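Residue numbers (UniProt numbering): 1 to 383. For each residue, glycine too, the CB sits at the ideal point set by N, CA and C. Keep in mind that this is a model prediction, so the values were computed, not measured. What follows is a short report on a single structure.
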């Protein structure tokens, strides 16, 4: 196709008037935008506007999800989403007269061998030291004590219900901890009504009854927060040498130790990010604070990408391959080995976290000159 035809297809995509084949080609083209070699068809200055329009189009086609019901639907996409993935693969062959890179496996995997995505799995440790595997417990009330109830819902949600009399009960002391393993995630509704979604390999420690002056929790790993408003009691999230203070807002915190920085991304409201050396920054919606050592850098980001895990996707717009593979390791419980130096190879796209790992790797292998070999629970990255 020449330059004029490409521009016309992209415009039709943005207005929703393109055919299914054209739509598939555009989305495949978007996935390959990370490779400078794929920019020859358009002038460099035109790419950002088209790219933004395509991304918004892809996002708009996803079903709206209520945060309250999020854990139920996290791993189930509509047939449309599956069709998009299939047509993207088809489009790569249809519009590009060359074979796409393949993902090799050392043997043909049957349904029992396939590496499945993560699911709602977590462990709850009570103040008395008792540890509960939430996957083994039946739905319903887990504990009732001194006016406090802990209820497990079938959708991967743990709810604390505290009566007014329990709030002033001196017997409610100590803290609970909820932990998600590799390949697990869970939601907890805290005693004050704050909702927290934990990503895989994460933990949250919180008091069974918040103090009268503050609400403090300790996070390791990654969590998405929707903080219940209470101006008289600030909500604080503590992670290593970082403290995040809010009154009522929505934000994501990523503190995984294998990442280059602790990142706090604000969706709504306002938060204050402070370090142990008293350096602090106040974020506005759409901003992300990256804390490294004793320094905080703030910049505007795509918040959809920061909370993609919470909405059920892997999303990466200009993200390095090593970053993507770390996410895959945590979600699928696999080991990654690099056979070649991938350098700063970057990708762009969005893939459902509900897919088996083979499907995810196949899509990644289509977008650039990189291949994957699956050996049991080991992923070998090759050029």
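So which of the options has the shortest CA-CA distance to residue i?
{"i": "residue 268", "options": "149, 381, 146, 247", "result": "247"}
{"i": "residue 155", "options": "122, 233, 144", "result": "122"}
{"i": "residue 377", "options": "337, 188, 310", "result": "337"}
{"i": "residue 351", "options": "362, 10, 176", "result": "362"}
{"i": "residue 230", "options": "344, 114, 287, 191", "result": "191"}
{"i": "residue 206", "options": "257, 249, 199, 160", "result": "160"}
{"i": "residue 129", "options": "198, 174, 309", "result": "174"}
{"i": "residue 343", "options": "178, 114, 359, 319", "result": "319"}
{"i": "residue 145", "options": "158, 347, 162, 157", "result": "162"}
{"i": "residue 241", "options": "348, 333, 262, 366", "result": "262"}
{"i": "residue 311", "options": "196, 353, 347, 348", "result": "353"}
{"i": "residue 250", "options": "348, 211, 307", "result": "307"}
{"i": "residue 301", "options": "316, 322, 294, 292", "result": "316"}
{"i": "residue 126", "options": "379, 294, 178, 158", "result": "178"}
{"i": "residue 236", "options": "196, 258, 357", "result": "196"}
{"i": "residue 292", "options": "285, 274, 286", "result": "274"}
{"i": "residue 256", "options": "280, 290, 233", "result": "290"}
{"i": "residue 297", "options": "305, 288, 304", "result": "288"}
{"i": "residue 258", "options": "280, 228, 323, 210", "result": "323"}
{"i": "residue 157", "options": "232, 120, 280, 208", "result": "120"}
Please look up how many angstroms separate the CB atoms of residue i and residue j, rounded, as I've assumed it's under 8 Å.
{"i": "residue 264", "j": "residue 253", "result": "5 Å"}
{"i": "residue 140", "j": "residue 152", "result": "7 Å"}
{"i": "residue 226", "j": "residue 180", "result": "Not a contact, Cβ separation roughly 18 Å."}
{"i": "residue 245", "j": "residue 217", "result": "Actually they are not in contact, since the Cβ atoms of residue 245 and residue 217 sit about 12 Å apart, beyond 8 Å."}
{"i": "residue 202", "j": "residue 118", "result": "Their Cβ separation, rounded to whole angstroms, is 12 Å, which puts residue 202 and residue 118 out of contact at 8 Å."}
{"i": "residue 321", "j": "residue 345", "result": "5 Å"}
{"i": "residue 356", "j": "residue 116", "result": "6 Å"}
{"i": "residue 188", "j": "residue 204", "result": "7 Å"}
In this structure, how does DSSP classify residue i when only helix, strand and coil are distinguished?
{"i": "residue 4", "result": "helix"}
{"i": "residue 377", "result": "coil"}
{"i": "residue 332", "result": "helix"}
{"i": "residue 277", "result": "coil"}
{"i": "residue 303", "result": "helix"}
{"i": "residue 159", "result": "strand"}
{"i": "residue 195", "result": "strand"}
{"i": "residue 214", "result": "coil"}
{"i": "residue 263", "result": "strand"}
{"i": "residue 176", "result": "strand"}
{"i": "residue 311", "result": "coil"}
{"i": "residue 361", "result": "helix"}
{"i": "residue 249", "result": "coil"}
{"i": "residue 219", "result": "strand"}
{"i": "residue 321", "result": "helix"}
{"i": "residue 366", "result": "helix"}
{"i": "residue 9", "result": "helix"}
{"i": "residue 255", "result": "coil"}
{"i": "residue 326", "result": "helix"}
{"i": "residue 287", "result": "strand"}
{"i": "residue 137", "result": "coil"}
{"i": "residue 383", "result": "coil"}
Give me the Cα-Cα distance between residue i and residue j, rounded to the nearest whole angstrom.
{"i": "residue 385", "j": "residue 132", "result": "This structure cannot settle anything about residue 385, because the visible part of the chain is limited to 1 through 383."}
{"i": "residue 335", "j": "residue 8", "result": "43 Å"}
{"i": "residue 325", "j": "residue 382", "result": "13 Å"}
{"i": "residue 186", "j": "residue 134", "result": "10 Å"}
{"i": "residue 15", "j": "residue 6", "result": "14 Å"}
{"i": "residue 266", "j": "residue 283", "result": "7 Å"}
{"i": "residue 12", "j": "residue 221", "result": "42 Å"}
{"i": "residue 359", "j": "residue 260", "result": "28 Å"}
{"i": "residue 333", "j": "residue 4", "result": "46 Å"}
{"i": "residue 10", "j": "residue 18", "result": "8 Å"}
{"i": "residue 371", "j": "residue 143", "result": "49 Å"}
{"i": "residue 223", "j": "residue 198", "result": "5 Å"}
{"i": "residue 276", "j": "residue 341", "result": "36 Å"}
{"i": "residue 215", "j": "residue 369", "result": "49 Å"}
{"i": "residue 136", "j": "residue 239", "result": "29 Å"}
{"i": "residue 219", "j": "residue 348", "result": "29 Å"}
{"i": "residue 309", "j": "residue 295", "result": "26 Å"}
{"i": "residue 379", "j": "residue 365", "result": "13 Å"}
{"i": "residue 211", "j": "residue 339", "result": "52 Å"}
Is residue i close to chain C, meaning its C-beta is less than 9 Å from at least one C-beta of that chain?
{"i": "residue 230", "result": "Among the protein chains of the structure shown there is no chain C, as only one such chain exists."}
message = With three or more C-beta pairs closer than 8 Å as the rule, is the segment 181-200 touching the segment 319-338?
response = yes
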